[in-house]
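All remarks here apply to the structure that follows.
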Amino acid sequence: MDMAEKVYKEGILKLKENIPQIIINLVVAGLIWVFGILVFIPIADMLGNPYLFGLTALKPIISAIITIALIIVLLRVTKDFGELTDGVADIIAVKLAGSRVNEEKLKRYRRGLRGLAYLIVAIIAYLFFLPVISGITPVLAGIVLIILVLWAVVVLINIGDIFSDEIEEGIRIATEKLEKALEKSAKNEENA
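In this note's numbering, the protein residues as written are 858 to 1049.
Following this line, the structure appears as structure tokens:
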């Protein structure tokens, strides 16, 4: 079995091993979010009404508890998600590079795809956490957004650097094939 076939099979195995656990943890996070946003925070808001019960600090406390619970569940997903993106990167590397795949290319593909995947997940997580973070304090939501944007710019620049070598190599190979085809066609015209 050559390296490309081995890497492809390992990638498929990583997908099979990690997808079920990720789905379970995401469902748990979704349930925490739904109950938090639709049940607990509205109750805390009602109890925080100064004319009703007067527990004014209750909504930020409940929001913080839900935020911490979501962070714990989503951190459990992180390890499995990293393995999953490595599996996807392995499969993509084999499909794009074929027999030219080596350890260095695998590392680059894994790093690039993992960075892109984590960026997408961070954006989705921010939108997921936004109502809860805003319940703690709206300023925190703005600060987290600024940090997310700065991090996204850095990650996208790094991804561009990682895949620029692969794009250049692909263009070089395509150009060589085109030149050979043009030479062959020119020879056929001369012989005709």
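Yeah, the Cβ is synthetic: ideal placement off N, Cα and C, and Gly gets one too.
Less than 8 Å between the C-beta atoms of ALA979 and LEU1005, yes or no? yes
Beta-carbon proximity list for ARG967, same chain, < 6 Å, skipping 5 on both sides: ASP943, ALA946
Other residues of its chain near SER991: CB distance less than 6 Å, five sequence neighbours each side excluded: ALA998
Could you tell me the alpha carbon to alpha carbon distance between ALA901 and TRP1008, rounded to whole angstroms? 33 Å
Please classify ASN1045: does DSSP put it in a helix, a strand, or coil? helix
Go to ASN875, then tell me how far its alpha helix (DSSP H) extends in each direction, as first and last residue. 860–892
State yes or no: is the C-beta of GLY868 within less than 8 Å of the C-beta of ILE923? no
In terms of residue numbering, what span does the alpha helix (DSSP H) encompassing VAL934 cover? 915–954
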